[in-house]
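What follows is a single structure, written as structure tokens, with notes after it.
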Amino acid sequence: MRVPFLDIPAQYRDLASELDSVVLDVLRSGAYVVGKHNKALEEELARRHGVRHGIAVNSGTDALRIMIQACGIGPGDEVITTAFTFVASAETIVQVGAVPVFVDIDPQTFNIDVAQIEAAITPRTRAIMPIHLFGQLADVRALTALAQKRELIVLEDAAQALGCRHDGVYAGNFGRAAGLSFYVTKNLGAAGDGGLILTNDDDVAERSRSLRIHGMGRERYYYDAVGYTSRLDEIQAAILNVKLTRLDVWNRRRAEIAAIYLRDLADSGVTLPVQSPGNNHTWHQFTIRSRNRDELQAFLKEREIDSMIYYPVPLHFHTPYRGYGEGEGSLPETESAAREVLSLPIHPHLDDEQAAWVAKCVAEFTAQVPSGR
Numbered sequence: 000m001r002v003p004f005l006d007i008p009a010q011y012r013d014l015a016s017e018l019d020s021v022v023l024d025v026l027r028s029g030a031y032v033v034g035k036h037n038k039a040l041e042e043e044l045a046r047r048h049g050v051r052h053g054i055a056v057n058s059g060t061d062a063l064r065i066m067i068q069a070c071g072i073g074p075g076d077e078v079i080t081t082a083f084t085f086v087a088s089a090e091t092i093v094q095v096g097a098v099p100v101f102v103d104i105d106p107q108t109f110n111i112d113v114a115q116i117e118a119a120i121t122p123r124t125r126a127i128m129p130i131h132l133f134g135q136l137a138d139v140r141a142l143t144a145l146a147q148k149r150e151l152i153v154l155e156d157a158a159q160a161l162g163c164r165h166d167g168v169y170a171g172n173f174g175r176a177a178g179l180s181f182y183v184t185k186n187l188g189a190a191g192d193g194g195l196i197l198t199n200d201d202d203v204a205e206r207s208r209s210l211r212i213h214g215m216g217r218e219r220y221y222y223d224a225v226g227y228t229s230r231l232d233e234i235q236a237a238i239l240n241v242k243l244t245r246l247d248v249w250n251r252r253r254a255e256i257a258a259i260y261l262r263d264l265a266d267s268g269v270t271l272p273v274q275s276p277g278n279n280h281t282w283h284q285f286t287i288r289s290r291n292r293d294e295l296q297a298f299l300k301e302r303e304i305d306s307m308i309y310y311p312v313p314l315h316f317h318t319p320y321r322g323y324g325e326g327e328g329s330l331p332e333t334e335s336a337a338r339e340v341l342s343l344p345i346h347p348h349l350d351d352e353q354a355a356w357v358a359k360c361v362a363e364f365t366a367q368v369p370s371g372r
């Protein structure tokens, strides 16, 4: 049975008439940049997350870069984060001239281990950037308490955390700003790239809006800073607004698939994902752990089941970021996770039969090759 990791064409087929109509409306209007669809998207996502401002930009990477700069982080400043993440998390810190300082992760959630942050703080530390990985928040209560105690800024990498909350409070409310991504593979994906900054800080919002358009201030062609070309085009905003009306249904379907996996793999020997108390989980990924990960992935591929590894190489092993880490063995949980993680298909167009087949094949492999941690 063929099980694709994602089925983006199926998502389009579900919404084809609405998407075609809204895209043609934008094309006919001639208003292609920062128009009514951008405004609607910004307002709706700010409302959903309970924050004052949403600022749409052209990618999740730019959301991080612009919000970091808007929060006043710059050359020589240190930002504590993790190396078990997509490169943009560290890349954007470096791009503004700051220094990423890597600490290890919680092996169950893959999010930053707050207990290790204090030892990494130096006189140059300005901020902590938790990455809310795979669809649930980091330990935001402990993290924000520590940040307040040490007078540090919290910058939320919420690229995978749209709709995520802790005790009813949504991403974007635990830091000075948060960055969302609308890359194609996300729970809410554009037909290309897109991103958005969430913030309750009026000054950060104003600076972010300026930086996304070349640093232009309120008066046209007058510049307050060196900025970027980072507008979200109207077609992408329009597409996202249509998809946003289905997001809750899609996330519920992801939860149903996760429940099948959790039930059918309970005694399989693989390490299953853990949802932290107080968190919801939007199941951007369903990530298991196995000491025989590569063999398991090959076994699934033979049965036409797609899977992905997020992330196979920790950032402190990559050439551009080696100088910011302390080498192999310095982040043992991060390095162990990179060797063991495997994400199973969990898109909302997966049916129960496909999910059950995935679980059956994983269990079949582990019965032959014990793979628990």
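In terms of numbering that gives the first Met the number 0, the sequence shown has 210 at position 211, counting the first letter as 1, and numbering is strictly consecutive. We treat Cβ as the ideally placed atom computed from N, Cα and C, and that holds for glycine.
Using 8 angstroms for Cβ pairs, my map puts residue i next to residue j. What's the rounded Cβ distance?
{"i": "serine 275", "j": "glutamine 135", "result": "6 angstroms"}
{"i": "leucine 132", "j": "phenylalanine 101", "result": "No, leucine 132 and phenylalanine 101 are not in contact; Cβ-Cβ is about 14 angstroms, not under 8 angstroms."}
{"i": "serine 209", "j": "glycine 216", "result": "6 angstroms"}
{"i": "valine 380", "j": "glutamate 233", "result": "A query on residue 380 cannot be resolved here, the shown segment of the chain reaching from 0 to 372 and no further."}
{"i": "leucine 231", "j": "alanine 55", "result": "4 angstroms"}
{"i": "leucine 239", "j": "glycine 59", "result": "Not really, about 13 angstroms apart at Cβ, beyond 8 angstroms."}
{"i": "arginine 125", "j": "aspartate 76", "result": "4 angstroms"}
{"i": "isoleucine 65", "j": "arginine 211", "result": "6 angstroms"}
{"i": "glutamate 120", "j": "isoleucine 111", "result": "The sequence shown places isoleucine at residue 120, not glutamate. The pair is not a contact, with the Cβ atoms about 13 angstroms apart (cut-off 8 angstroms)."}
{"i": "histidine 315", "j": "alanine 118", "result": "Wrong, their Cβ atoms sit about 16 angstroms apart, outside the cutoff."}
Does the beta carbon of residue i sit closer than 8 angstroms to a beta carbon anywhere in chain D?
{"i": "threonine 91", "result": "The structure shown contains no chain D; it holds only a single protein chain."}
Mapping the DSSP letters down to three states, classify residue i as helix, strand or coil.
{"i": "aspartate 170", "result": "In the sequence as displayed, the identity of residue 170 is alanine instead of aspartate. Alanine 170 falls in the coil class under three-state DSSP."}
{"i": "proline 319", "result": "helix"}
{"i": "methionine 0", "result": "coil"}
{"i": "threonine 121", "result": "coil"}
{"i": "isoleucine 152", "result": "strand"}
{"i": "phenylalanine 101", "result": "strand"}
{"i": "isoleucine 345", "result": "coil"}
{"i": "arginine 12", "result": "helix"}
{"i": "valine 340", "result": "strand"}
{"i": "arginine 175", "result": "coil"}
{"i": "glycine 194", "result": "strand"}
{"i": "alanine 189", "result": "coil"}
{"i": "glycine 371", "result": "Reliability of the predicted coordinates at glycine 371 is poor, the pLDDT of 49 falling under 50, and the value obtained from them is presented with this limitation in mind. In this structure, glycine 371 counts as coil in the three-state DSSP scheme."}
Among the options, which residue has its Cα nearest to the Cα of residue i?
{"i": "alanine 236", "options": "Ser329, Arg175, Leu145 and Phe181", "result": "Phe181"}
{"i": "leucine 197", "options": "Asn186, Ala190, Ile72 and Gly171", "result": "Gly171"}
{"i": "leucine 154", "options": "Thr365, Arg288, Ala89 and Asp223", "result": "Ala89"}
{"i": "serine 229", "options": "Thr80, Tyr320 and Leu195", "result": "Leu195"}
{"i": "leucine 264", "options": "Asp305, Pro106 and Phe364", "result": "Phe364"}
{"i": "leucine 271", "options": "Asp156, Gly277, Tyr320 and Gln284", "result": "Gln284"}
{"i": "valine 98", "options": "Arg211, Val312 and Arg123", "result": "Arg123"}
{"i": "isoleucine 130", "options": "Gly193, Ala157, Ala254 and Arg140", "result": "Ala157"}
{"i": "valine 86", "options": "Ser306, Val361 and Val312", "result": "Val312"}
{"i": "valine 113", "options": "Asp293, Ala355, Ile92 and Asp138", "result": "Asp138"}
{"i": "leucine 243", "options": "Glu42, Gly34 and Pro8", "result": "Glu42"}
When we look at the beta-carbon of residue i and count the other beta-carbons within 10 Å, is it buried (16 or more) or exposed?
{"i": "glutamine 159", "result": "buried"}
{"i": "asparagine 291", "result": "buried"}
{"i": "glycine 371", "result": "With a pLDDT of 49 at glycine 371, under the threshold of 50, the modelled position of this residue cannot be trusted, and the question is left open."}
{"i": "aspartate 201", "result": "exposed"}
{"i": "lysine 148", "result": "exposed"}
{"i": "serine 28", "result": "exposed"}
{"i": "methionine 0", "result": "exposed"}
{"i": "glycine 328", "result": "exposed"}
{"i": "arginine 253", "result": "buried"}
{"i": "glutamate 339", "result": "buried"}
{"i": "lysine 300", "result": "exposed"}
(message) So within the stretch 212-280, which uninterrupted alpha helix (DSSP H) runs reach at least 4 residues, ignoring any that extend past its ends?
(response) 233-243 and 246-263
(request) Taking only runs that begin and end inside the stretch 283-312, name each unbroken alpha helix (DSSP H) of 4 or more residues, in chain order. (result) 292-301
(request) Could you tell me which uninterrupted alpha helix (DSSP H) segments, each at least 4 residues in length, are contained entirely in the stretch 25-98, listed from first to last along the chain? (result) 35-48, 59-69 and 87-94
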